[in-house]
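Engineer: Structure in structure tokens, see below.
Protein chains: 2
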Amino acid sequence: MPANPNSDFVLLNPRDSVVVALRGFQAGDTLALGEEAIQLLDSVPPGHKVAIRPVAAGEPIFKFGWSIGVATKPIRVGQHVHTQNVKCDHHIDLEAISTDVPAELPRLEGHTFEGFRRADGRVGTRNYLAVISNVNCSASVARMIASRFDQQTLAAFPNVDGVISFRHEGGCAMAFNGSRHRMLSRVLGGMARHPNIGGFLLVGLGCEQGTLDHLVQSQGLHSIAIPGQASGSGDAGQGEAVPVLSIQSAGGTSKTVERGVEIAAGLLKQVNGFQRETVPASHLVLGTECGGSDGYSGITANPALGAAADRLVACGGTAILSETSEIFGAEHLLTRRARSRAVAEKLLERIEWWKWYCSNYGEELDNNPSVGNKAGGLTTITEKSLGAVSKGGTTPLEAVYEYAEPVQQQGFVVMDTPGFDPASVTGMVAGGANLIAFTTGRGSCFGSKPTPTFKIASNTRLFQQLPEDMDFNAGQVVEGRSVDEVGQELFSRLLDTASGKSTCSEALGIGDEEFVPWLVGPVL
Amino acid sequence: MPANPNSDFVLLNPRDSVVVALRGFQAGDTLALGEEAIQLLDSVPPGHKVAIRPVAAGEPIFKFGWSIGVATKPIRVGQHVHTQNVKCDHHIDLEAISTDVPAELPRLEGHTFEGFRRADGRVGTRNYLAVISNVNCSASVARMIASRFDQQTLAAFPNVDGVISFRHEGGCAMAFNGSRHRMLSRVLGGMARHPNIGGFLLVGLGCEQGTLDHLVQSQGLHSIAIPGQASGSGDAGQGEAVPVLSIQSAGGTSKTVERGVEIAAGLLKQVNGFQRETVPASHLVLGTECGGSDGYSGITANPALGAAADRLVACGGTAILSETSEIFGAEHLLTRRARSRAVAEKLLERIEWWKWYCSNYGEELDNNPSVGNKAGGLTTITEKSLGAVSKGGTTPLEAVYEYAEPVQQQGFVVMDTPGFDPASVTGMVAGGANLIAFTTGRGSCFGSKPTPTFKIASNTRLFQQLPEDMDFNAGQVVEGRSVDEVGQELFSRLLDTASGKSTCSEALGIGDEEFVPWLVGPVL
Ligand SMILES: [Ca+2]
Ligand SMILES: [Ca+2]
Ligand SMILES: [Ca+2]
Ligand SMILES: [Ca+2]
Ligand SMILES: [Ca+2]
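Protein sequence lines, in the order shown, are assigned to chains G and X. Heads up: the first sequence is residues 1 to 524, going by our numbering. Heads up: the second sequence is residues 1 to 524, going by our numbering.
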């Protein structure tokens, strides 16, 4: 297990050949690594790497438990490891697929949270009523309906976390069933079916290209019922027709708002019928995200989140890694962890798609460390990407999903999303994530609905500067606590969040502007 | 001038060879056209065309004053004109550029409105304080700042129309200075400099790719001063530094909101210093838009709006036609109206760009009439597109602008935008449109800020069904009033709107969700 006996350096994985210096060192200084004392042969700036094992020329250098590149000359213990003696080794080896699948973690029993059980067996961490806008043309009406349910009105419904509207900038002027339409349908369908949604209402204009009928049918939507209780005339969980409003049919803005408020008021009673009960942690689907990263993100917050993700996977739960543009550079290592060739190939196919997506506009899929990254100690694209990937933990890669696809596989999975925080989180939430953990080094006030986002500062300075926005300080890792200890504490805090404890962004009321479906394809 | 002596048919332009039937006719029925009586040789469904002049095989058929295609056989007066005797003639003739530039309209004098004069000489039709979010990561904070200024607070500032936030889904995870970044900067810069904005505040997170500094510098932003009054230490109109807030520097969500509210409260006094005064109609920049069109749009609302646009141009004002995807099919006629070869070539270059944009995703730029359109009487892509283009009027094409570029040319101009209503209107508003006229046949509850949107129903049924959303009934055109008469009344109503009379969407409080910058390029 990662150890960090003091705040001089951090060892990220037992198989690593380097540690990361947490402060500047001079040649001749000594690092105490367990029983060993390593004498530095070079000066090493903070954030940079020191060899703790000899590495022969042409051999890989391990950090995060994976090769970040190969030595261009023999490296001795205590030497500074950087561009002068490492070169990038980012290449796909199809022979290596599934050759490094980590051993199953010992099953962790007994971890639970208080959640809302739904008819389909999934469990919510929140219980919202949703007003879902089908097209930008109905966004204002959806917002007006939701905003009529203020705290005073909601006081009578103690099991309801709120009435929220999902508004977006798409829904028309797109090819019918083209990529833009399919992606939006997946996102809106995913929200309607989300385990954190106890009831929903769809609102459209009427003449939009992506019709409400198509949404309901393509996404298999049905009205929500409480498990074990019949809903009206229908079966439990497969009840009455989906509540749908069209502004053109309803007679315009005001009439649609009034009718929507009536429908929502009726649904509220039903949503309030759901209650929290104790369920195993295996029902958690944790979406991991990083935004506004700094030099500490890859050595504190992301590995600590990875350690928490490993615990969740050991409990039988699911951890999603997304942000394909930041995975790029480490995908050749994820393929080694892939459970099967099909899983690995799906990841590689998404990477190829991304190269095409960027090249369309004369841009390049490029996650290479910038000049500033290099000065901060990052040597190769693989090292930088592994810093992002480390937040997903160390377990086998079980599945790869397209954007906003329903995540059904337990264990560690990848979803193809942009790195852009709101678009990435929206995709994971639509895929069923009922908990988001978000690491940041520069600071962020991101929040999401209906899934809470728990924000993790990579450094103590940030945690102190944005105290109302940061939920957790992973800067503890550079202050003498091990990644694993911090990950354990984080896991426990995530369970509390799942059980209903408010995150910072929930307390601040954030999450209404951050619903950002990623829609690829022309706006016509 | 267009004449419509009864409600049997409509003649859209004096040079037309067809009229459009407004009801079904049988062979043998008679149409009274001025002095003439035309006997129908075929049955003609409503919305379809009847020849009022003989057309030889191979000769063009005129509707909207332009060729919608060529006769495939001789057509006699009274015959049904449709796919059986017309073929499409959509091709670019570079020799024809600027060969059909309409004569200058007689200058219309004396039309004025009550507007807010700004230091740069432009005139606002509204007077808002804007809180502009630089990136999605600051959208919630921007909204929270603006929402603190409720009607009660604003009662003390009678010249201020409101405090609005501009929030969007972009601003990071994009190539620096790539197309996505440049388009967003143009939109945000256009909003900050908009004549309907009397003061603004920029809010960002701090680590976004498109920095606030870059926005301020690339867009030449400066704080707004009242003409003739020095603002602090600076020159009039080129005053103090732009008010800017970064959430990471300000200490998080709450502190940024509090600081933003303070800054906005200070700016409010200044914004309130602007007052309406009588100015010539030439200061209007009218953006035209259609959304949710029906079979009437091209024969009532769009031509009536075109007649109003012609009046505005005759006053020395500006009318913008946008929606390139709906212009396609008639661009070869706009080039004939182009003032110069350079203007025509810019339009053709945008059309080529659109073909590329659609083909990237295996789609086609295709504005051809659908099966339903054909059944409704539309014969060719040119006819369909001319129906959309007709809302821009009949005057020479003076300039072509890219999305959200500042519109500085007076007269009739084109801006390259998608047909998607919120994206198209956002581009025109960012370009400086201080009035939007929006035609619809199916119905819409679109609204925009800071520029009012005036909505025009293409048919009386819609006007009656959505009474709180529709500002004007162009269905009068099929009830015996001429396009020109209705256009004249519309122009007068548009002047009232410019002077401060609320539109339906303003009364309903719509326009906060419809700010949708069109951003082309990968989300990284
Ligand atoms: Ca949104
Ligand atoms: Ca990131
Ligand atoms: Ca991110
Ligand atoms: Ca928006
Ligand atoms: Ca439109």
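Where is the CB? At the ideal position from N, CA and C, for every residue including glycine.
Could you check whether the Cβ of X:Ile-327 sits closer than 8 Å to any Cβ belonging to chain G?
Structural biologist: Here the question's residue 327 of chain X lines up with position 327 in the second sequence. X:Ile-327 does not count as touching chain G.
Engineer: Kindly list, in the order they appear in chain G, the residues whose Cβ is closer than 9 Å to that of X:Tyr-361.
Structural biologist: On the second sequence, residue 361 of chain X is found 361 positions in, with the first residue counted as 1. In chain order: Ala-175, Gly-178, Ser-179, Arg-180, Asn-360, Val-520, Gly-521, Pro-522.
Engineer: Count the other CB atoms within 10 Å of the CB of X:Trp-356; is the residue buried (16 or more) or exposed (fewer)?
Structural biologist: Indexing the second sequence from 1 puts residue 356 of chain X at position 356. Exposed: under 16 other Cβ atoms inside 10 Å.
Engineer: Comparing C-alpha positions only, which one of G:Gln-152, G:Gly-411, G:Ile-164, G:Ala-173 sits nearest to X:Trp-518?
Structural biologist: Here residue 518 of chain X refers to the residue found at position 518 of the second sequence. If we check each option's Cα against that of X:Trp-518, G:Ala-173 comes out closest.
Engineer: So which residues put a beta carbon under 5 Å from any heavy atom of ligand 5, going in chain order?
Structural biologist: My final list is X:Gly-291, X:Gly-419, X:Asp-421.
Engineer: Using a Cβ-Cβ cut-off of 8 Å, state whether G:Thr-253 counts as contacting chain X.
Structural biologist: Taking the first sequence and counting its residues from 1, the one referred to as residue 253 of chain G is at position 253. Judged by the 8 Å Cβ criterion, G:Thr-253 is in contact with chain X.
Engineer: Would you report the Cα separation of X:Ser-140 and G:Glu-262, rounded to the nearest angstrom?
Structural biologist: To locate residue 140 of chain X, count along the second sequence from 1; it is residue 140. To locate residue 262 of chain G, count along the first sequence from 1; it is residue 262. Each residue's alpha carbon lies about 28 Å from the other.
Engineer: Helix, strand or coil for G:Gln-151? Go by DSSP, reduced to three states.
Structural biologist: Sequence index remark: in the first sequence, residue 151 of chain G carries index 151 (1-based). Looking at G:Gln-151 - three-state DSSP - the assignment turns out to be helix.
Engineer: Does any CB atom of chain X fall closer than 8 Å to the CB of G:Val-141?
Structural biologist: Counting from 1 along the first sequence, the entry for residue 141 of chain G is found at position 141. Chain X contact via Cβ: present.
Engineer: Could you have a look at G:Glu-363 and say whether DSSP puts it in helix, strand or coil?
Structural biologist: For the purposes of this step, residue 363 of chain G is taken as residue 363 along the first sequence, with counting starting at 1. If DSSP states are grouped into helix, strand and coil, G:Glu-363 belongs with coil.
Engineer: Hey, is X:Ser-444's beta-carbon within less than 8 Å of any beta-carbon in chain G?
Structural biologist: As a first step, residue 444 of chain X must be located in the second sequence, where it is residue number 444. By this cut-off, X:Ser-444 is an interface position.
Engineer: Would a check of beta-carbon distances place G:Phe-9 closer than 8 Å to chain X?
Structural biologist: Position 9 of the first sequence, counted from the first residue, corresponds to residue 9 of chain G. For G:Phe-9, the answer is no, since every Cβ of chain X falls outside 8 Å of its Cβ.
Engineer: Between G:Ser-458 and ligand 3, is the CB less than 7 Å from at least one heavy atom?
Structural biologist: In the first sequence, residue 458 of chain G corresponds to position 458, counting from 1. No, ligand 3 has no heavy atom inside 7 Å of this Cβ.
Engineer: Please go through the same chain and pick out, in chain order, the residues whose beta-carbon is closer than 6 Å to the beta-carbon of G:Gly-487, but skip the five residues on each side of it.
Structural biologist: Translated into positions along the first sequence, residue 487 of chain G becomes position 487. If we look at G:Gly-487 and ignore the five residues flanking it on each side, its Cβ neighbours are Ala-304, Ala-307, Ala-308.
Engineer: Look at the alpha carbon of G:Ala-192 and the alpha carbon of G:Gly-480, and state the distance between them as a whole number of angstroms.
Structural biologist: Position 192 of the first sequence holds residue 192 of chain G. Position 480 of the first sequence holds residue 480 of chain G. Approximately 45 Å between the Cα atoms of the pair.
Engineer: Identify the continuous beta strand (DSSP E) that holds X:Ser-322 and give its terminal residues.
Structural biologist: On the second sequence, residue 322 of chain X is found 322 positions in, with the first residue counted as 1. Here X:Ser-322 belongs to no beta strand (DSSP E), and DSSP marks it neither H nor E.
Engineer: What's the call for G:Asp-540, buried or exposed, on a 16-neighbour Cβ count within 10 Å?
Structural biologist: Here chain G comprises residues numbered 1 to 524, so residue 540 of chain G is not present and cannot be evaluated.
Engineer: For G:Gly-500, which option in G:Asn-127, G:Gly-121, G:Asp-421 has the closest C-alpha, if you only look at C-alpha atoms?
Structural biologist: Taking the first sequence and counting its residues from 1, one reaches residue 500 of chain G at position 500. When each option's Cα is compared against that of G:Gly-500, the closest is G:Asn-127.
Engineer: Is it buried or exposed for X:Pro-369, if we count other Cβ within 10 angstroms and need 16 for buried?
Structural biologist: Within the second sequence, residue 369 of chain X is the residue found at index 369, counting from 1. Buried: at least 16 other Cβ atoms inside 10 Å.
Engineer: Along chain X, in chain order, which residues have C-beta atoms closer than 9 Å to that of G:Ile-247?
Structural biologist: The count along the first sequence starts at 1 and reaches residue 247 of chain G at position 247. Chain X residues near G:Ile-247: Gly-443, Ser-444, Cys-445, Leu-466, Asp-469.
Engineer: What first and last residue would you give for the beta strand (DSSP E) that runs through G:Ile-456?
Structural biologist: By one-based count along the first sequence, residue 456 of chain G stands at place 456. Unbroken beta strand (DSSP E) run through G:Ile-456: 453 to 457.
Engineer: Can you give the Cα-Cα distance for X:Phe-274 and G:Leu-435, rounded to whole angstroms?
Structural biologist: In the second sequence, the residue the question calls residue 274 of chain X occupies position 274. In the first sequence, the residue the question calls residue 435 of chain G occupies position 435. One C-alpha to the other measures close to 49 Å.
Engineer: Closer than 8 Å by beta-carbon distance: list the chain G residues that pair up with X:Arg-167, in chain order.
Structural biologist: For this step, residue 167 of chain X is matched to residue 167 along the second sequence. What X:Arg-167 touches in chain G: Glu-513.
Engineer: X:Glu-363: beta carbon under 7 Å from a heavy atom of ligand 3?
Structural biologist: Taking the first residue of the second sequence as 1, we reach residue 363 of chain X at position 363. Not under cutoff, so the answer is no.
Engineer: Report the start-end ranges of each beta strand (DSSP E) in the segment 50 to 101 of chain G that is 3 residues or longer and not cut off at the edges.
Structural biologist: Entirely contained in the segment 50 to 101 of chain G, the beta strand (DSSP E) runs reaching 3 residues are, in chain order, 60 to 63, 66 to 71.
Engineer: Should X:Glu-208 be listed as close to ligand 3, given that the test is whether its C-beta is under 7 Å from any heavy atom?
Structural biologist: As a position in the second sequence, residue 208 of chain X is number 208, starting the count at 1. No; taking the cut-off as 7 Å, the Cβ of X:Glu-208 has no heavy atom of ligand 3 nearer than that.
Engineer: Closer than 8 Å, CB to CB, is X:Tyr-357 near chain G or not?
Structural biologist: For the purposes of this step, residue 357 of chain X is taken as the residue at position 357 of the second sequence. With 8 Å as the cut-off, X:Tyr-357 counts as an interface residue toward chain G.
Engineer: When DSSP builds the beta bridges, which residues end up paired with X:Leu-532?
Structural biologist: There is no way to answer for residue 532 of chain X, as the model of chain X reaches only from 1 to 524.
Engineer: Whole angstroms are fine: how far does the CA of G:Val-371 sit from the CA of G:Ala-56?
Structural biologist: Against the first sequence, residue 56 of chain G aligns to sequence position 56. Against the first sequence, residue 371 of chain G aligns to sequence position 371. C-alpha separation (whole angstroms): 27 Å.
Engineer: Whose Cβ in chain G lies nearer than 7 Å to the Cβ of X:Gly-419?
Structural biologist: Against the second sequence, residue 419 of chain X aligns to sequence position 419. The answer, in chain order, is Ala-173, Leu-524.
Engineer: Looking at G:Glu-514 and ligand 3, is the gap between the Cβ and the nearest heavy atom below 7 Å?
Structural biologist: Here the question's residue 514 of chain G lines up with position 514 in the first sequence. Checking every heavy atom of ligand 3 against the Cβ of G:Glu-514, none is found closer than 7 Å.
Engineer: Out of G:Gly-260, G:Phe-438, G:Val-425, G:Phe-328, point me to the one whose CA is closest to G:Pro-450's CA.
Structural biologist: Residue numbering aside, residue 450 of chain G sits at position 450 when the first sequence is read from its first letter. That would be G:Val-425, whose Cα lies nearest to the Cα of G:Pro-450.
Engineer: In chain X, which residues lie less than 9 Å from G:Pro-422 when you measure between Cβ atoms?
Structural biologist: For the purposes of this step, residue 422 of chain G is identified with residue 422 of the first sequence, where counting begins at 1. Near G:Pro-422 (Cβ distances below 9 Å), the residues of chain X are Asn-136, Cys-137, Ala-139, Glu-169.
Engineer: In angstroms with no decimal places, state the Cα-to-Cα distance between X:Ser-322 and G:Ala-375.
Structural biologist: Within the second sequence, the letter at position 322 stands for residue 322 of chain X. Within the first sequence, the letter at position 375 stands for residue 375 of chain G. About 48 Å.
Engineer: Helix, strand or coil for X:Ser-231, going by three-state DSSP, please let me know.
Structural biologist: Counting from one through the second sequence, the residue named residue 231 of chain X turns up at place 231. Any reading at X:Ser-231 needs caution, since the residue's pLDDT is 49, under 50, leaving its predicted position unreliable; the model's value is listed next. Of the three classes helix, strand and coil, the one that applies to X:Ser-231 here is coil, per DSSP.
Engineer: Report yes or no: is there a C-beta of chain G within less than 8 Å of the C-beta of X:Gly-295?
Structural biologist: As a first step, residue 295 of chain X must be located in the second sequence, where it is residue number 295. No - not a single Cβ of chain G is within 8 Å of the one on X:Gly-295.
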